[in-house]
Every structure is written in C-alpha cells, then in structure tokens.
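K.L.:
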Amino acid sequence: VLICANTAGKELWRRTIAEGNKIIRKDEGNWASPSPATDGQHVWAFFGNGDLVCYTRAGKLVWKTNTQELYGEFDHWHGMASSPLLVDDKLVVMCVQIKNSYVVALDKLTSKELWKHSRETDADHESKQSYASPVLYENGATRLLLIHGGDYTTAHSLKDGKEVWRCGSLNPKSDYNRFLRFVASPTSEPGLVVVPSAKNHPVLGIDPSGKGVLDGTQHVSWRLERGTSDVPTPTLASGLVYNLRENGVLICIDAKGGEKIYERRIHRTRQRASPVLADGKLYVASRDGDVFVIKEGREFEILAKNTMGEEITATPAIAGGRVYVRTWEALYAIETPRKAASGD
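Count along the sequence shown from 1, then add 6; that gives the number in our numbering.
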C-alpha cells in the first residue's frame with residue numbers, strides 16, 4: 007500500500023499496489039522495506055515482490071512494472087530491501103544477490119530500460135548479497151553511481167552503467183567471512199566516499215577520482231579496521247563521519263585522516279535507523295522508540311531524549327524545518343514551536 011499525506015498529516019490518497027506479504031526475520035523487514043522516491047511531481051515505489059510503480063502527486067498511476075518478471079527472481083535470504091535512486095531522468099534499481107546481480111536504469115516517466123549492467127564479483131555464499139541502496143556521488147561536473155555489495159563498492163557511469171572503479175579489501179581472502187552481507191550504504195562528500203562493511207569489520211575512506219581497481223593504491227585514503235556500522239548508513243558533515251553501530255554505540259571519525267575522535271554509547275537496544283543531520287544536530291532513532299538528539303562536532307553530548315513509545319526501524323526524514331519520524335504505528339511531524347509575533 008502506498009499512502010500520500012499533506013504536511014498537515016491529512017491523508018490525500020492511498021493505493022494498493024499488490025496483495026500478500028513476506029515477513030523477514032520475524033520483525034526485521036517485509037515487502038515494503040524499500041523507501042519511495044519523489045521529485046515533487048511524481049512518486050516511485052518499489053516492493054519486495056518486484057513491483058515497481060510510478061504515480062503522479064495526485065495519485066494517478068503513470069506506469070507499473072515488475073523487475074522479477076523482467077530480470078529474474080530475487081534470491082536474497084532476507085528479502086529485497088534496496089531503495090530506488092532517482093537521478094535526472096533515470097530511476098536506478100540495484101539487485102546484488104547470489105545469482106544474476108545487476109544494476110538497471112529506467113526512464114522515470116515511461117519505465118523504458120535505458121541501460122542494464124551485470125554486477126560481477128568473486129564473493130562467496132551470503133557475502134554475495136547486499137541490502138544497501140544505490141548512492142549518487144557528486145563533485146562539480148563529476149557524477150558517479152555507487153553500488154555497494156558482494157565484497158566491493160563499485161562506481162559506475164550514469165550514462166551507460168559501465169564500471170569506472172571498484173574497491174574491495176573489506177572482506178580479505180586471507181581471513182574470509184562467507185556471511186559478510188552488506189546492509190549499510192556508502193555516504194559521500196566532494197572528494198571522499200565513506201564505505202562501511204558489516205559486523206564490526208573495516209570502514210574505508212576513498213578518494214573517488216581513480217579508475218580501475220583502487221585496492222592498495224593512494225585512492226584508499228584511510229582505513230579503520232574495526233567499528234563499521236552493520237545496518238545504519240553513516241552520515242558525513244563538516245569533516246566528520248558519524249558511524250552508528252547496531253548496538254547503540256556512536257563512533258565519530260575524522261573524515262580526512264580516518265582517526266577515531268570518540269566512541270560513545272547512546273543506548274543499549276537494537277539500532278536499525280540511520281543517523282541524520284540537521285541544524286547542527288544528529289538525530290538517532292533507536293529500535294525501542296527513543297529519539298536522541300546529539301550535538302554535532304568533536305565533543306559528544308546528548309542534548310535531548312524523546313520517548314515515542316513505539317518501535318522505530320525507519321530512518322527519520324528532514325524537510326521544511328521538520329523532523330518526520332515513522333514508527334510502527336504512525337507518522338509524526340516534529341518542529342520547534344514558532345515564537346509568537348510581538349504584540350500577540
């Protein structure tokens with residue numbers, strides 16, 4: 007089901023895309039795990055059964071297709087969770103799995119295939135699978151599509167999907183882990199791509215200006231051997247990387263050199279949502295329903311703790327001066343109260 011509401015919280019329309027569901031690992035996911043994308047005029051939604059749809063803002067169906075019917079069945083052990091990426095006239099979908107991994111770009115208004123790239127890897131067993139989402143890297147005129155999974159991060163041309171570079175070393179063959187599937191996605195700023203792995207393995211800082219295989223070259227700017235997030239995607243701002251582990255520990259890393267600045271525990275429950283930055287503050291929503299507000303910067307400080315009383319696995323969204331928090335029960339819009347005008 008896809009639901010559209012206005013900024014006052016009033017439901018404008020809802021559409022049933024398909025019937026049926028698959029619960030993943032009791033309560034860790036389902037067929038609605040991927041997040042929608044929008045350009046303000048249209049909305050695109052992707053589901054774990056392969057259904058991919060485009061609606062207008064008014065709720066009119068533009069097109070519907072199914073990627074499993076087009077490109078073959080998903081074989082992820084824990085279901086499809088990758089969110090589509092909207093870039094210019096393209097909607098990019100990645101499917102990194104045990105067999106038949108690919109990245110495909112569709113025309114956002116017609117669903118016509120613009121290009122498709124087979125994603126090759128020498129990963130083994132569960133490590134072939136990825137639950138990460140495609141990411142856009144931008145630095146002036148340079149724009150790359152980042153695909154994360156199967157032991158590698160790869161950069162691709164937006165024009166035709168061809169691979170520009172790849173970086174591995176996240177799961178060394180000398181001490182190989184066959185179960186190191188990736189869930190968290192890379193994050194970036196001009197001149198830097200931060201690459202997480204999984205299960206407390208390495209996190210890398212990459213200079214994305216290279217070509218070919220970047221392992222062992224100067225383009226691997228730094229490497230932190232332990233401390234990657236497992237599910238939450240890192241966030242990056244003002245020269246700092248915030249890496250939130252699945253056990254509630256926040257690690258702050260210097261983005262230039264990779265030095266660990268601090269490692270502090272925020273809570274002791276499961277962490278699934280990614281941290282988000284806004285207005286000099288880091289927002290962290292824990293699985294058991296507490297939303298923490300952390301001061302941005304090199305000194306760790308919890309500014310506030312807000313108990314929602316409902317479980318949270320979705321990452322908060324920031325828009326229009328508000329923080330939107332989706333719990334298992336409801337969608338909340340939170341903002342600072344407006345000051346009364348003089349004389350009111």
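Idealized CB from N, CA, C, for every residue including glycine.
To the nearest angstrom, report how far apart V220 and S133 are at their CA atoms.
P.N.:
Working through the sequence shown from its first residue, we reach residue 220 at position 214. Working through the sequence shown from its first residue, we reach residue 133 at position 127. Sequence inspection shows Leu at residue 220; the Val mentioned does not correspond to that position. So the alpha carbons of these two residues sit roughly 20 Å apart.
K.L.:
Are N36 and G85 touching if we call contact CB-CB under 9 Å?
P.N.:
Position 30 of the sequence shown, counting from 1, holds the residue named residue 36. Position 79 of the sequence shown, counting from 1, holds the residue named residue 85. Yes, they are a contact pair.
K.L.:
Suppose you measure from the CA of R232 to the CA of A204; what does that come to, to the nearest Å?
P.N.:
Looking up residue 232 in the sequence shown gives position 226. Looking up residue 204 in the sequence shown gives position 198. About 10 Å.
K.L.:
Would you mind working out which of P40, P202 and G303 sits nearest R251, comparing C-alpha positions?
P.N.:
Taking the first residue of the sequence shown as position 1, residue 251 is located at position 245. Checked all of P40, P202 and G303; the closest Cα to R251 is P202.
K.L.:
Along the chain, where does the beta strand (DSSP E) containing E269 start, and where does it finish?
P.N.:
Start at 1 with the first residue of the sequence shown, and residue 269 comes out as number 263. Looking at the DSSP string, the run of the beta strand (DSSP E) that includes E269 is K266 to R271.
K.L.:
When you compare only the Cα positions, how much space is there between T275 and T313?
P.N.:
As a working mapping, residue 275 is identified with position 269 in the sequence shown. As a working mapping, residue 313 is identified with position 307 in the sequence shown. Looking at the two C-alpha atoms, the distance is approximately 13 Å.
K.L.:
Just to check my reading of the structure: L198 and D213 have Cβ atoms closer than 8 Å, yes? What is that Cβ distance to the nearest angstrom?
P.N.:
Here residue 198 refers to the residue found at position 192 of the sequence shown. Here residue 213 refers to the residue found at position 207 of the sequence shown. Confirmed, about 7 Å.
K.L.:
Hey, quick one: how far does the beta strand (DSSP E) through L92 stretch, first residue to last?
P.N.:
By 1-based counting over the sequence shown, the position of residue 92 is 86. Its beta strand (DSSP E) spans residues L91 to V93.
K.L.:
When you compare each of H154, A320 and R328 to K287 by their alpha carbons, which one comes out closest?
P.N.:
Counted from its first residue, the sequence shown places residue 287 at position 281. Closest option to K287, Cα to Cα, is R328.
K.L.:
Quick check on DSSP: helix, strand or coil for K356?
P.N.:
Examination of residue 356 is not possible in this model, given that the chain is present from 7 through 350 alone.
K.L.:
Using a 10 Å radius around the Cβ and a threshold of 16 neighbouring Cβ atoms, would you call S244 buried or exposed?
P.N.:
Walking along the sequence shown from the start, residue 244 turns up at place 238. Classification for S244: exposed.
K.L.:
Quickly, what does DSSP pair T218 with across the bridge? List them, please.
P.N.:
Here residue 218 is taken as the residue at index 212 of the sequence shown, counted from 1. Here residue 218 turns out to be Gly, not Thr, going by the sequence shown. W171, per the DSSP bridge assignment.
K.L.:
Check whether the Cβ atoms of G155 and Y182 lie closer than 9 Å to each other.
P.N.:
One-based indexing of the sequence shown puts residue 155 at position 149. One-based indexing of the sequence shown puts residue 182 at position 176. No, the pair does not count as a contact, with Cβ atoms beyond the cut-off.
K.L.:
Is the Cβ-Cβ distance between I9 and F53 less than 9 Å?
P.N.:
The residue labelled residue 9 in the question sits at position 3 within the sequence shown. The residue labelled residue 53 in the question sits at position 47 within the sequence shown. No, the pair does not count as a contact, with Cβ atoms beyond the cut-off.
K.L.:
Quick one: is Q224 buried, meaning 16 or more other Cβ sit within 10 Å of its Cβ, or exposed?
P.N.:
Stepping through the sequence shown from its first residue, residue 224 is reached at position 218. Label assigned to Q224: exposed.
K.L.:
Helix or strand or just coil, what does DSSP make of D350?
P.N.:
Within the sequence shown, numbered from 1, the residue matching residue 350 stands at position 344. Residue confidence for D350 is low, a pLDDT of 49 falling below 50, so the modelled location carries little weight; the figure read from the coordinates is stated next. The answer is coil: DSSP assigns D350 none of H, G, I, E or B.
K.L.:
If you draw a straight line from the C-alpha of K16 to the C-alpha of E317, how long is it?
P.N.:
Counting from one through the sequence shown, the residue named residue 16 turns up at place 10. Counting from one through the sequence shown, the residue named residue 317 turns up at place 311. Roughly 22 Å between the two C-alpha positions.
K.L.:
Can you tell me whether T307 is helix, strand or coil according to DSSP?
P.N.:
The residue labelled residue 307 in the question sits at position 301 within the sequence shown. For the record, residue 307 in the displayed sequence is Glu; it is not Thr. If DSSP states are grouped into helix, strand and coil, E307 belongs with coil.
K.L.:
Where does Y77 sit, in a helix, a strand or coil, going by DSSP?
P.N.:
Position 71 of the sequence shown, counted from the first residue, corresponds to residue 77. Here Y77 sits in helix by DSSP.
K.L.:
Which residues bound the beta strand (DSSP E) around V68?
P.N.:
The residue labelled residue 68 in the question sits at position 62 within the sequence shown. Start and end: L67 to N72.
K.L.:
At which residue ranges does the segment 109 to 151 contain complete beta strand (DSSP E) runs of 3 or more residues, listed in the order of the chain?
P.N.:
Runs found: 119 to 124 and 141 to 145.
K.L.:
Which value, in whole angstroms, describes the spacing of the CA atoms of K5 and T44?
P.N.:
Here the chain covers residues 7 to 350 and nothing more, so residue 5 does not appear.
K.L.:
DSSP beta-bridge partners for Y338?
P.N.:
For this step, residue 338 is matched to residue 332 along the sequence shown. According to DSSP, which records beta bridges pairwise, Y338 is partnered with V331.
K.L.:
Using the Cβ count rule (16 or more neighbours within 10 Å means buried), how would you classify E341?
P.N.:
For the purposes of this step, residue 341 is taken as residue 335 along the sequence shown, with counting starting at 1. So E341 counts as exposed.
K.L.:
Give me the Cα-Cα distance between K66 and W334, rounded to the nearest whole angstrom.
P.N.:
Here residue 66 is taken as the residue at index 60 of the sequence shown, counted from 1. Here residue 334 is taken as the residue at index 328 of the sequence shown, counted from 1. Taking the straight line from one Cα to the other gives about 27 Å.
K.L.:
Here's the rule I'm using: 16 or more other beta-carbon atoms within 10 Å means buried, otherwise exposed. How should V141 be labelled?
P.N.:
As a first step, residue 141 is located in the sequence shown; it is residue number 135 there, counting from the start. When all chains shown are included, V141 counts as buried.
K.L.:
I'd like the span of the beta strand (DSSP E) that includes R229, first residue to last.
P.N.:
If you number the sequence shown from 1, residue 229 lands on position 223. It spans V226 to L230 - the beta strand (DSSP E) in which R229 sits, taken as one unbroken run.
K.L.:
Between the C-alpha atoms of D294 and G315, what's the straight-line distance to the nearest angstrom?
P.N.:
As a working mapping, residue 294 is identified with position 288 in the sequence shown. As a working mapping, residue 315 is identified with position 309 in the sequence shown. Going by the C-alpha atoms only, they are around 8 Å apart.
K.L.:
Under a Cβ-count criterion, where at least 16 other Cβ atoms within 10 Å of its own Cβ denotes burial, should D350 be classed as buried or exposed?
P.N.:
Reading the sequence shown from its first residue, position 344 is the one you call residue 350. Note that D350 scores a pLDDT of 49, beneath 50, so its modelled location is shaky; the value from the coordinates is reported in the next line. It counts as exposed.
K.L.:
With burial defined as no fewer than 16 other Cβ atoms inside 10 Å of the residue's Cβ, what is the status of T73: buried or exposed?
P.N.:
Against the sequence shown, residue 73 aligns to sequence position 67. Buried is the call here.
K.L.:
Kindly indicate which three-state DSSP category S180 falls into: helix, strand or coil?
P.N.:
Taking the first residue of the sequence shown as 1, we reach residue 180 at position 174. Helix.
K.L.:
Could you give the residue range of the beta strand (DSSP E) that holds H48?
P.N.:
Counted from its first residue, the sequence shown places residue 48 at position 42. From DSSP, the beta strand (DSSP E) with H48 extends over H48 to F52.
K.L.:
Can you grab the Cα-Cα spacing for the pair G264 / P40, in whole Å?
P.N.:
If you number the sequence shown from 1, residue 264 lands on position 258. If you number the sequence shown from 1, residue 40 lands on position 34. Cα-Cα distance, rounded: 31 Å.
K.L.:
Can you list, in chain order, the residues of its chain whose CB lies under 8 Å from that of A11, leaving out five sequence neighbours each side?
P.N.:
Taking the first residue of the sequence shown as 1, we reach residue 11 at position 5. E17, L18 and L337, listed in sequence order.
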